[in-house]
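Chemist:
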Amino acid sequence: MAKRTSLHGLWSSRLAFILAVSGSAVGLGNIWKFPYVAGANGGGAFVLFYLLCVALIGLPIMMAEILIGRRGRRNPVATMRIVGEEEGSRPSWALVGVMGVIAGIIILSFYSVIAGWSLSYVGHAALNRFSGAGAEEVNALFGGLLADWRVLAFWHTAFMILTIFVVARGVERGLERAVRFLMPSLAVLMVALLGYAMINGDFRGGVNFLLEADFSKLTGDAMLAALGQAFFSLSIGMGAIMAYGAYLPEGTSITNTSISVVLADTGMALLAGLAIFPIVFAHGLDPGAGPGLIFQTLPLAFGNMAGGHVFGLLFFILLTFAAWTSSIGLIEPAVAWAVETRGRSRPASAIAIGVVIWLLGFLTILSFNELADFRVLGRTLFENLDHLSSNILLPLGGLFITIFAGWVMAKTSTSDELDIGTGGLFSLWRFLARWVAPVAVLLVFLHATGLLGWFGLAGSAG
């Protein structure tokens, strides 16, 4: 088969691709969700099972998504259609790409609002508003942010402008330049915060909470949580990895780059826990505060500890950088689709898609104030958007991607893209992609949608 060329340019190097995909994967969830979920579900026991899930499920699906992207060299919708037709299957596989593009748009609509919180807290930290503040003052600051839709809209708008600006500049001038600056900066900030936590926090308490293995807490639900975290933390199933794979030069090892991304993503999540929880335990605060840990608990700690002004500022800059790199990956599939199908320039496409996402974000903004009491299916508008994307579109996207790579694509096609021969390593990937990953993702989907009980498995999951 004659190799296609990307219409959007290519990454200049393997490192650029690793930084871009790692940036898409490392986001707000890595900073607060993974550490808390790990600590609440057995610490080291959860981490070990999570790493197993990453290796046996997350990594094979990521490799599948990248190889499909490079094979098609187009936006996710066109790639799934083109490769599907070439493999003698139906063009309706394009619907998998459509799901990914839609999921990215929906997720970014509320992700941008939450990232706006982080952006606003950079300002609060810079103005030293946490210094000496008590719990009531910190809670009032956060409550005031959520209560005023105009303030939320301002920060949501500012964050979307940052995202559109990068994507509008293209692959090399925009995406690549951004991640070459943001990802190393993210790593440096994380290491600085870790050093600060080791000196000023209860580092042993934080390490024990995160890494001390308690296998009695590793229940069926905890294992499903680890499986879901492994799947979602790698940004699989939303088209971002496929879109980035379309820009990957020939000859670049998909296997080696995927392993590098997985290591970077997991390492950042563990570092986040080791940086955050020593500070939390040193002040006797609640490590299970969820999102409130970031915007209510930590500001209280930073405001009452030596050097907290500087390191509080660094922390919220880090959080904003993590959100920024992820948002770029979320919008890119839709922008690539608009450029290819609508004949518009990349800047015009980025602005048009960005405006759609910006408008959709107001459903989330109003969910925290004016429409806080409005419910559909028992959930707020924000909760419905989160449920639709995270519990339905993403797992279905990941499921169909691994089925497509493992069962629809010919063995010669996948081995050609992976370029690891047809020996033991390729056979292992194919077995995981054909059997292990689909079953595991299906379990996550059934559990997340509450359908697991229909199959008589609800008890075993608890």
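Residue numbers (our numbering): 347 to 808.
Cβ atoms here follow ideal geometry from the backbone N, Cα and C, with glycine treated the same way.
With a 10 Å radius around its C-beta and 16 neighbouring C-beta atoms as the bar for buried, classify residue 683 as buried or exposed.
Modeler: Taking the first residue of the sequence shown as position 1, residue 683 is located at position 337. So residue 683 ends up on the buried side.
Chemist: I need the boundaries of the alpha helix (DSSP H) containing residue 633, first residue and last residue.
Modeler: Along the sequence shown, one-based indexing puts residue 633 at 287. That residue, residue 633, is in no alpha helix (DSSP H); it is neither H nor E in DSSP.
Chemist: What whole-angstrom Cβ distance do residue 791 and residue 745 have, given they're in contact under 8 Å?
Modeler: In the sequence shown, residue 791 corresponds to position 445, counting from 1. In the sequence shown, residue 745 corresponds to position 399, counting from 1. Going by Cβ atoms, the distance from residue 791 to residue 745 rounds to 7 Å, so yes, they are a contact pair.
Chemist: Does the separation of the CB atoms of residue 301 and residue 376 fall below 8 Å?
Modeler: Nothing can be reported for residue 301: it is not among the residues displayed for the chain, which extend from 347 to 808.
Chemist: Return the residue from the list 595, 449, 645 that minimises the CA-CA distance to residue 363.
Modeler: One-based indexing of the sequence shown puts residue 363 at position 17. That would be 595, whose Cα lies nearest to the Cα of residue 363.
Chemist: Considering only residues of the same chain and omitting the five flanking positions on each side of residue 755, which have a CB-CB separation below 6 Å?
Modeler: Stepping through the sequence shown from its first residue, residue 755 is reached at position 409. Answer for residue 755: 433, listed in chain order.
Chemist: Find out if the Cβ-Cβ distance for the pair residue 555, residue 389 is shorter than 8 Å.
Modeler: Position 209 of the sequence shown holds residue 555. Position 43 of the sequence shown holds residue 389. The answer is yes: Cβ separation under 8 Å.
Chemist: Return the residue from the list 470, 764, 668 that minimises the CA-CA distance to residue 373.
Modeler: On the sequence shown, residue 373 is found 27 positions in, with the first residue counted as 1. It is 668 whose Cα lies nearest to the Cα of residue 373.
Chemist: Return the residue from the list 352, 360, 366 that minimises the CA-CA distance to residue 587.
Modeler: Locating residue 587 in the sequence shown gives position 241, counting from the first residue. Ranking 352, 360, 366 by Cα distance to residue 587 puts 366 first.
Chemist: Excluding the 5 residues flanking residue 606 on each side, which residues of the same chain have their C-beta closer than 6 Å to its C-beta?
Modeler: As a working note, residue 606 is residue 260 in the sequence shown. 364, listed in sequence order.
Chemist: Rounded to the nearest angstrom, what separates residue 720 and residue 729 at their Cα positions?
Modeler: Working through the sequence shown from its first residue, we reach residue 720 at position 374. Working through the sequence shown from its first residue, we reach residue 729 at position 383. Those two C-alpha atoms are separated by around 11 Å.
Chemist: What's the C-alpha gap between residue 355 and residue 590?
Modeler: Taking the first residue of the sequence shown as position 1, residue 355 is located at position 9. Taking the first residue of the sequence shown as position 1, residue 590 is located at position 244. C-alpha separation (whole angstroms): 11 Å.
Chemist: Quick one: grab the DSSP three-state call for residue 610.
Modeler: Numbered from 1 along the sequence shown, position 264 holds the residue referred to as residue 610. Correct three-state label for residue 610: helix.
Chemist: Only counting the same chain, and skipping five residues up and downstream in sequence, which positions put a Cβ closer than 6 Å to that of residue 748?
Modeler: Translated into the one-based positions of the sequence shown, residue 748 becomes position 402. For residue 748, where only same-chain residues beyond five positions count, the Cβ hits under 6 Å are 407, 410, 779, 783, 784.
Chemist: As a quick exercise: from 539, 524, 757, pick the residue whose alpha carbon is nearest that of residue 673.
Modeler: As a working note, residue 673 is residue 327 in the sequence shown. That would be 524, whose Cα lies nearest to the Cα of residue 673.
Chemist: Quick check on residue 567: buried or exposed, where buried means 16 or more other Cβ atoms within 10 Å of its Cβ?
Modeler: Here residue 567 refers to the residue found at position 221 when the sequence shown is read from its first residue. Classification of residue 567: exposed, given that the 10 Å Cβ count is below 16.
Chemist: Within its chain, find whatever has a CB closer than 7 Å to the CB of residue 593; leave out the 5 residues flanking it on each side and keep chain order.
Modeler: Here residue 593 refers to the residue found at position 247 when the sequence shown is read from its first residue. Correct list, in chain order: 352, 354, 355, 356, 357, 517.
Chemist: Can you check DSSP and say which residues form a bridge with residue 389?
Modeler: Here residue 389 refers to the residue found at position 43 of the sequence shown. According to DSSP, which records beta bridges pairwise, residue 389 is partnered with 559.
Chemist: Can you give me the Cβ contacts of residue 659 inside the same chain, cut-off strictly under 6 Å, excluding the 5 residues immediately before and after it?
Modeler: Sequence index remark: in the sequence shown, residue 659 carries index 313 (1-based). The answer, listed in chain order, is 471, 472.
Chemist: Quick check on residue 427: does DSSP put it in helix, strand or coil?
Modeler: As a working mapping, residue 427 is identified with position 81 in the sequence shown. DSSP places residue 427 in helix when its eight states are reduced to three.
Chemist: Whose CA, out of 710, 689, 680, 706, lies closest to the CA of residue 696?
Modeler: Mapped onto the sequence shown, residue 696 falls at position 350. The option with the nearest alpha carbon to residue 696 is 680.
Chemist: Measuring straight from C-alpha to C-alpha, what distance separates residue 643 and residue 452?
Modeler: Position 297 of the sequence shown, counted from the start, is the residue given in the question as residue 643. Position 106 of the sequence shown, counted from the start, is the residue given in the question as residue 452. Each residue's alpha carbon lies about 28 Å from the other.
Chemist: Should residue 501 be labelled buried (16 or more other beta-carbon atoms within 10 Å of its own) or exposed?
Modeler: As a first step, residue 501 is located in the sequence shown; it is residue number 155 there, counting from the start. Classification of residue 501: buried, given that the 10 Å Cβ count is 16 or more.
Chemist: Can you round the beta-carbon distance between residue 403 and residue 609 to whole angstroms, since I take them to be within the 8 Å contact cut?
Modeler: Position 57 of the sequence shown, counting from 1, holds the residue named residue 403. Position 263 of the sequence shown, counting from 1, holds the residue named residue 609. At roughly 16 Å, the Cβ-Cβ gap does not stay under 8 Å, so residue 403 and residue 609 are not in contact.
Chemist: Given residue 687, which residues of its chain have a CB within under 6 Å of its CB, disregarding the five upstream and five downstream residues?
Modeler: On the sequence shown, position 341 is the one that residue 687 refers to. There are no such residues.
Chemist: Kindly indicate which three-state DSSP category residue 817 falls into: helix, strand or coil?
Modeler: In the structure displayed, the chain extends from 347 to 808; residue 817 sits before or after that span and is not available.
Chemist: Alpha helix (DSSP H) containing residue 646: first to last residue?
Modeler: Taking the first residue of the sequence shown as position 1, residue 646 is located at position 300. 644-648 is the span of the alpha helix (DSSP H), which, as asked, contains residue 646.
Chemist: To the nearest angstrom, how far is the alpha carbon of residue 724 from that of residue 484?
Modeler: Locating residue 724 in the sequence shown gives position 378, where the first residue counts as 1. Locating residue 484 in the sequence shown gives position 138, where the first residue counts as 1. The alpha-carbon atoms of residue 724 and residue 484 are separated by roughly 30 Å.
Chemist: Just how far apart, CA to CA, sit residue 547 and residue 619?
Modeler: Taking the first residue of the sequence shown as position 1, residue 547 is located at position 201. Taking the first residue of the sequence shown as position 1, residue 619 is located at position 273. When rounded, the distance between both Cα atoms is 12 Å.
Chemist: Tell me whether residue 741 is buried or exposed, calling it buried when 16 or more other Cβ atoms sit within 10 Å of its Cβ.
Modeler: Along the sequence shown, read from residue 1 onward, the residue named residue 741 stands at position 395. Result: buried.
Chemist: Would you identify the three-state DSSP class for residue 565, choosing helix, strand or coil?
Modeler: Taking the first residue of the sequence shown as position 1, residue 565 is located at position 219. It is coil, neither helix nor strand.
Chemist: Enumerated in chain order, which unbroken segments of the beta strand (DSSP E) with a length of 3 residues or greater are wholly contained in the stretch 748-793?
Modeler: none
Chemist: Taking the alpha-carbon positions, what's the residue 477 to residue 652 distance?
Modeler: As a first step, residue 477 must be located in the sequence shown, where it is residue number 131. As a first step, residue 652 must be located in the sequence shown, where it is residue number 306. Taking the straight line from one Cα to the other gives about 10 Å.
Chemist: Mind checking which residues open and close the alpha helix (DSSP H) that includes residue 701?
Modeler: Taking the sequence shown and counting its residues from 1, the one referred to as residue 701 is at position 355. Segment 692-713, the alpha helix (DSSP H) holding residue 701.
Chemist: Under the assumption that residue 401 contacts residue 462 (Cβ atoms under 8 Å), give the Cβ distance between them as a whole number of angstroms.
Modeler: Here residue 401 corresponds to residue number 55 of the sequence shown, with the count starting at 1. Here residue 462 corresponds to residue number 116 of the sequence shown, with the count starting at 1. That belief does not hold up - the Cβ atoms of residue 401 and residue 462 are roughly 35 Å apart, past 8 Å.
Chemist: Can you give the beta carbon distance from residue 710 to residue 456, rounded, assuming they're within the 8 Å contact cut?
Modeler: Here the question's residue 710 lines up with position 364 in the sequence shown. Here the question's residue 456 lines up with position 110 in the sequence shown. 4 Å between Cβ atoms; contact.
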